[in-house]
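S.K.: Each residue of the sequence shown is one higher than the one before, starting from 53 at the first, in the working numbering.
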Amino acid sequence: MDTIDERNVKIQPLHAGWYSGKVAAIDMLRLDQLHPVISGNKWYKLRLNILYAQEHNFKTLVTFGGGFSNHLIATACAAKKAGMGSVGVVRGKYDKLTPTLIACQQEGMQLVFVTKEDYNQKDDKVWINDLARHFDEIYIIPEGGANEPGRKGAGLINRFINNSYTHIAVSVGTGTTLAGLRNSLPAEQSMLGFVPMKQGGYLREYIATHLNPGKNENWQLLDSWNFGGFGKWNTELITFMNDFHNTNNIPLDIIYTSKMMFGLRELIYSDTFQPTDKILCIHTGGLQGNEGVSGLG
Ligand SMILES: *Cc1c(COP(=O)(O)O)cnc(C)c1O
53 MDTIDERNVK
63 IQPLHAGWYS
73 GKVAAIDMLR
83 LDQLHPVISG
93 NKWYKLRLNI
103 LYAQEHNFKT
113 LVTFGGGFSN
123 HLIATACAAK
133 KAGMGSVGVV
143 RGKYDKLTPT
153 LIACQQEGMQ
163 LVFVTKEDYN
173 QKDDKVWIND
183 LARHFDEIYI
193 IPEGGANEPG
203 RKGAGLINRF
213 INNSYTHIAV
223 SVGTGTTLAG
233 LRNSLPAEQS
243 MLGFVPMKQG
253 GYLREYIATH
263 LNPGKNENWQ
273 LLDSWNFGGF
283 GKWNTELITF
293 MNDFHNTNNI
303 PLDIIYTSKM
313 MFGLRELIYS
323 DTFQPTDKIL
333 CIHTGGLQGN
343 EGVSGLG
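1) Roughly how many angstroms lie between the CA atoms of Q173 and N301, to the nearest whole one?
2) CB-CB under 8 Å to V164, same chain, minus the five flanking residues each way: which ones, in chain order?
3) Leaving out five residues on either side along the sequence, give the residues of the same chain with a beta carbon under 7 Å from the beta carbon of M53.
4) Which word fits G337, buried or exposed, when buried means at least 16 other C-beta atoms lie within 10 angstroms of its C-beta?
5) Any heavy atom of ligand 1 closer than 7 Å to the CB of S223?
6) Using DSSP with H/G/I as helix, E/B as strand and the rest coil, what is G69?
7) Taking the beta strand (DSSP E) that I190 falls in, what are its first and last residues?
8) For ligand 1, is there a heavy atom less than 7 Å away from the beta-carbon of H123?
9) I need the boundaries of the beta strand (DSSP E) containing W271, first residue and last residue.
10) Give the list of continuous beta strand (DSSP E) stretches no shorter than 3 residues that lie fully inside the segment 308-342.
11) Threshold first: 3 residues or longer. Then list the beta strand (DSSP E) segments lying entirely within the segment 168-215, N to C.
12) Check the DSSP bridge columns for N223 and list the partner residues they point to.
13) Can you tell me which of K204, Y258, L103 and L81 puts its alpha carbon nearest to the alpha carbon of Q272?
14) Taking buried to mean at least 16 other C-beta atoms within 10 Å of its own C-beta, is G265 buried or exposed?
15) Relative to ligand 1, is the shortest distance from any of its heavy atoms to the C-beta of A206 smaller than 7 Å?
16) Just confirm the distance between the C-beta atoms of M312 and A221, as a whole number of angstroms; I'd bet it's less than 8 Å.
17) Are the Cβ atoms of F187 and T112 separated by less than 8 Å?
18) Take the Cβ of S276 as the centre, count every other Cβ of all protein chains shown within 10 Å, and call the residue buried at 16 or more, exposed below.
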């Protein structure tokens, strides 16, 4: 059986022509290569949650997401590997299951579909207790793995990052990965969080409140390259993603990492960086999400 092997994760330099020598180097941390299903940052956000659940004899992981959620499929697969059951609470109704949801079921996840209104109550105790009665010994992981073990686990990504990098670029959904890494990386390393949705400003507060003393500095969120909002894109972004793949031999996902690299390149060509700067971009994975999208690649 396939295992999660961190030796699959490589640091790959981008082609110098892609940034025309405007900085000293741009490398990509290929977390997308960690595992074919549990890709990118998702394993790091899950691993301490699963460890805790196992130590406390929980039998079933319950978590939340939309029909294309990288977090849902990662949880389904990780639960199965850990010998646990899993339940995915899915926002909205689907006439036809998405490829992501089908894959979740194949990993043994039970899907519970709820209306958007019910979904918004997911942090409500009564609602959760009602759900819990239907399943065996549940351990709840919030949407996107956004809890303390999630942030701590994401902080472990620092093992791949040495001090020579001046800037770390990461794409942001819940902000869990950015917060965890800000806590674990030296404050001198500048963090750029690329937000793929409109008005991602509320994330600033979430991130700031979860930073350790002395760590609430040298990070910023950039949401200018949201392409109309979460899950939205245009032909310019698709062309960019395909060109990036051709030039660097690295596939990006259309939801998160394409927008990050698009934005980063605009920053580079508007001379935001020093020629001596060294940038590490974190490839957080998400490639399974491209499968639900027609006309890509
Ligand atoms: C989930 C995800 C993110 C966002 O991670 P957060 O910790 O929620 O901010 C970024 N990129 C990809 C590809 C993802 O799947």
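In this text, a Cβ means the ideal position worked out from N, Cα and C, and glycines have one as well.
Since this is a predicted model, take the numbers as computed values, not measurements.
M.R.: This is what the structure holds:
1) A straight-line Cα-Cα distance of about 42 Å links Q173 and N301.
2) The residues are V139, G140, V141, V142 and L183.
3) Residue confidence for M53 is low, a pLDDT of 48 falling below 50, so the modelled location carries little weight and cannot support an answer.
4) Buried, since its Cβ has 16 or more Cβ neighbours within 10 Å.
5) Yes, the beta carbon of S223 sits closer than 7 Å to at least one heavy atom of ligand 1.
6) Under the three-state reduction of DSSP output, G69 falls in the helix class.
7) Following the DSSP letters along the chain, one finds I190 inside the beta strand (DSSP E) bounded by residues I190 to I192.
8) Indeed, a heavy atom of ligand 1 lies less than 7 Å from the Cβ.
9) Segment W271 to L274, the beta strand (DSSP E) holding W271.
10) Fully enclosed beta strand (DSSP E) runs of 3 or longer: 330-335.
11) Complete beta strand (DSSP E) runs here, min 3: 190-192.
12) The sequence shown places Ser at residue 223, rather than the Asn named in the question. S223 is bridged to F246.
13) When only C-alpha atoms are compared, the closest one is Y258.
14) Before going further, note that residue 265 is Pro rather than Gly in the sequence given. Residue burial is scored here from C-beta neighbours: P265 has fewer than 16 other C-beta atoms within 10 angstroms and is therefore classed as exposed.
15) Yes; taking the cut-off as 7 Å, the Cβ of A206 has a heavy atom of ligand 1 nearer than that.
16) That belief holds up - the Cβ atoms of M312 and A221 are roughly 6 Å apart, short of 8 Å.
17) The answer is yes: Cβ separation under 8 Å.
18) S276 comes out exposed.
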